[in-house]
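Trainee: The structure follows.
Numbering (our numbering), first residue to last: 963 to 1238.
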């Protein structure tokens, strides 16, 4: 489901209604409750549907990490497609993000874009910027879809490249990328970038660099990002502006038969924290 204002306008409508959470669907087979199905792909499908229904009250978006599905082969990809289809039918005004971190030459990206957007049915995809704007044109030209470009991240070791000083001003590479995305790639208003919640100072620089463009904020849940500081420096002026993701802290709030109810409560608490 899209609007004339683009996919991020749909997300802004969710934010204005008080739905601030991006629920990360990262189904780890080793952590799924028992009794969901006979085969792995079936268990994952049921689990993701239950989580989606339990958390939709607070969700502006659902983010599916494709690796957790693709590792199961064809049945896993089918589970991903079924999950996306279900969310779009049951909760049609929520944005569906596939976290696939695609990035290749433009001819290859053409088919990556068709796979994620047309075959799988996602609204938004994450991509790597390393080969430049031209290579990402098959994603960027999709006016009805969204592209989240890797800027800064919350995991260990990212500074090896992302913190390198570049350009005549010697700004960090992550900031340079974000400035390029906001200034040169976002002609259709369908771009966003990433930031890590564990380093709010970087988030502040990114917000200054991109203005009101959405920022996918990673690391707020199990990774222990500072919510208060991230909200202080990361919110946009015109809207909430943060695609505030939480995966494990919501998905695995309980390992028992009450996992859906526990996820509902975890999403409610997270949403409340984001609204303070």
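For each residue, glycine too, the CB sits at the ideal point set by N, CA and C. In this text the structure is predicted, and so the values were computed from the model without any measurement.
(1) Just the C-alpha distance for residue 1163 and residue 1195, rounded to the nearest angstrom, thanks.
(2) How many whole angstroms separate the CB atoms of residue 1098 and residue 1071, which I take to be in contact at a CB cut-off of 8 angstroms?
(3) Please classify residue 1165: does DSSP put it in a helix, a strand, or coil?
(4) Could you name the residues of the same chain whose beta carbon sits closer than 7 angstroms to that of residue 1224, not counting the 5 residues immediately before and after it, in chain order?
(5) Would you check if the distance between the CB atom of residue 1078 and the CB atom of residue 1089 is smaller than 7 angstroms?
(6) Could you work out which residue in 1149, 1147, 1204 is closest to residue 1174 when comparing CA atoms only?
(7) In this structure, what does DSSP give as the bridge partners for residue 1061?
(8) Around the C-beta of residue 1182, are 16 or more other C-beta atoms found within 10 angstroms, so that it is buried, or is it exposed?
(9) Three-state secondary structure (DSSP) at residue 1037?
(10) Which partner residues does residue 1207 have in the DSSP bridge list?
(11) Among 1198, 1188, 1139, which has the Cα closest to the Cα of residue 978?
(12) For residue 1117, does the count of other Cβ atoms within 10 angstroms reach 16, so buried, or fall short, so exposed?
(13) Can you name, in chain order, every residue of its own chain whose Cβ lies under 7 angstroms from the Cβ of residue 965, other than the five neighbours on each side?
(14) From which residue to which residue does the alpha helix (DSSP H) around residue 1088 run?
(15) To the nearest angstrom, how far is the alpha carbon of residue 1177 from that of residue 1122?
(16) What is the DSSP secondary structure of residue 1070, reduced to helix, strand or coil?
(17) For residue 1177, which residues does DSSP report across the bridge?
(18) Give the straight-line distance between the Cα atoms of residue 956 and residue 991, rounded to the nearest whole angstrom.
(19) Can you tell me whether DSSP reads residue 963 as helix, strand or coil?
(20) Grouping DSSP H, G and I as helix and E and B as strand, with all else coil, what is residue 1229?
(21) Quick one: grab the DSSP three-state call for residue 1108.
(22) Is the region 1018-1026 touching the region 1054-1063 in the sense that three or more CB pairs, one from each, lie closer than 8 angstroms?
(23) Where residue 1066 and residue 1149 are concerned, what is the direct C-alpha to C-alpha distance, given to the nearest angstrom?
Mentor: This is what the structure holds:
(1) 8 angstroms
(2) 6 angstroms
(3) In this structure, residue 1165 counts as helix in the three-state DSSP scheme.
(4) 1215, 1216
(5) no
(6) 1204
(7) 1027
(8) Within a 10 Å sphere around the beta-carbon of residue 1182 sit 16 or more other beta-carbons, which makes this residue buried.
(9) Residue 1037 carries a helical assignment under DSSP once its states are collapsed to helix, strand and coil.
(10) 984
(11) Ranking the options by Cα distance to residue 978, first place goes to 1198.
(12) exposed
(13) The pLDDT assigned to residue 965 is 40, lower than 50, so where the model puts this residue is not dependable; a value taken from the coordinates is nonetheless given after this. Closer than 7 angstroms at the Cβ level, and outside the excluded window around residue 965, lie 971, 972.
(14) Annotation: residue 1088 is outside any alpha helix (DSSP H); the continuous beta strand (DSSP E) that includes it extends over 1086-1089.
(15) If you take the alpha carbons of residue 1177 and residue 1122, they lie about 22 angstroms apart.
(16) helix
(17) 1155, 1204
(18) Outside the shown range of the chain (963 to 1238) lies residue 956, about which nothing can therefore be said.
(19) Low local confidence applies: a pLDDT of 37 at residue 963 is under 50, so the model's placement there is unreliable, with the coordinate-based value given in what follows. Three-state DSSP puts residue 963 in coil, outside helix and strand.
(20) Looking at residue 1229 - three-state DSSP - the assignment turns out to be helix.
(21) In the structure shown, residue 1108 falls within a strand segment according to DSSP collapsed to helix, strand and coil.
(22) yes
(23) Here the C-alpha atom of residue 1066 lies approximately 21 angstroms from the C-alpha atom of residue 1149.
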